[in-house]
Amino acid sequence: MPHQEVPLPALAEYLPEGAYAKIAPYLIDHKVHLTITRQRQSVLGDYRHPDHWQGHRITVNGNLNPYNFLLTLVHEIAHLVAFTRYGHSVSPHGREWKAIYRELLSPFLGCGCLPSDVEAAVRSYIKNPRAASCSDDELIRVLRRYDRDNHGRVLVEEMPEGALFRTPDGRIFRRMQRLRKRYHCIEVKTKKAYLFSPVYEVIPLDQAT
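All letters in the sequence shown, in the order written, are residues 22 to 230 by our numbering.
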């Protein structure tokens, strides 16, 4: 999917039913330049504050399921609101941003926009939201249930011990035992040991191309 500007009414196609009316006023009031982009491995969304040439800019990956898309978009709008209130005087993911994120998400809870399992995971997550929803293991597990296509990818925790897998950068690893919260894995080529998050997405070797 190439980068593309999205007319606001078309945004509803990416969001859960009923969410557009709640999110659109923020984008309209702040004159946000919203771009839907192709999948990015390291980031789901991005916010850039106004400069001499452009206003508020937000990008969101277009391959996300509707619930993940909503959480990511609200995450970036929270950065926008934090910037308009505090400028550069607060930490990007500090207590001010966390409070704003909870404030912006609250209208989407208890209104039927989210399935019960997603809503329960979100309620738990926003007690102390991290830099990204993709850093919360349980929320990742729940959101993956609604992905349109995982393209043969599985979570490291779903791989049997001793099995081989490929990472997005093409390296091959053998999954070993779990060590506390992460999995001990060995890179086949270098024999070096690495620790993987249990919810890191990989491709089982028999599905690799």
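Beta carbons: idealized from backbone N, C-alpha and C, even for Gly.
(request) Taking Leu55 as the reference, give the member of Glu208, Glu178 and Glu97 with the closest Cα. (result) Comparing Cα positions, the closest option is Glu97.
(request) Compute the distance between the beta-carbons of Phe186 and Tyr204, then report whether it is under 8 Å. (result) For the 8 Å CB-CB criterion, Phe186 and Tyr204 do not form a contact.
(request) Take Ile147 as the anchor and find which of Val102, Leu130 and Pro87 has the nearest alpha-carbon. (result) Nearest of Val102, Leu130 and Pro87 to Ile147, Cα basis: Leu130.
(message) Let me make sure I understand the geometry here. Which of Val102, Leu176 and Pro181 has the alpha-carbon closest to that of Pro46?
(response) Nearest to Pro46 by C-alpha distance, out of Val102, Leu176 and Pro181, is Val102.
(request) Please report how far the alpha carbon of Trp118 lies from the alpha carbon of Pro150, in whole angstroms. (result) Approximately 9 Å, taken between the alpha carbons.
(message) Can you look up Pro225 in the DSSP assignment and give me helix, strand or coil?
(response) Looking at Pro225 - three-state DSSP - the assignment turns out to be strand.
(request) Out of Leu126, Glu208 and Arg162, state which residue places its alpha-carbon closest to the alpha-carbon of Leu91. (result) Among Leu126, Glu208 and Arg162, the Cα nearest to that of Leu91 belongs to Leu126.
(message) Measuring only the C-alpha atoms, how far is Tyr41 from His109?
(response) Rounded to the nearest angstrom, the two C-alpha atoms are 29 Å apart.
(message) By alpha-carbon positions, which one of Glu38, His70, Lys210 and Glu208 ends up nearest to Phe104?
(response) Looking at Glu38, His70, Lys210 and Glu208, the one whose alpha-carbon comes closest to that of Phe104 is His70.
(request) Out of Arg166, Pro225, Tyr107 and His172, point me to the one whose CA is closest to Tyr88's CA. (result) Comparing Cα positions, the closest option is Arg166.
(message) For Gly173 and Glu222, I'd like the C-alpha separation in whole angstroms.
(response) Between the C-alpha atoms of Gly173 and Glu222 there is a straight-line separation of about 10 Å.
(request) Measuring alpha carbon to alpha carbon, tell me which of Thr93, Ser137 and Asp138 ends up nearest Arg123. (result) Of the listed residues, the one whose Cα sits closest to Arg123 is Thr93.
(request) Could you check how far apart the C-beta atoms of Val95 and Ile79 are, in whole angstroms? I think they sit under 8 Å. (result) A Cβ-Cβ distance of about 11 Å is found for the pair Val95 and Ile79, leaving them out of contact under the 8 Å criterion.
(request) Report yes if the C-beta distance between Val64 and Asp158 is below 8 Å; otherwise report no. (result) No. Outside cutoff.
(request) Measure the alpha-carbon distance for Ile121 versus Gly183 and round it to whole angstroms. (result) Roughly 44 Å separates the two Cα atoms.
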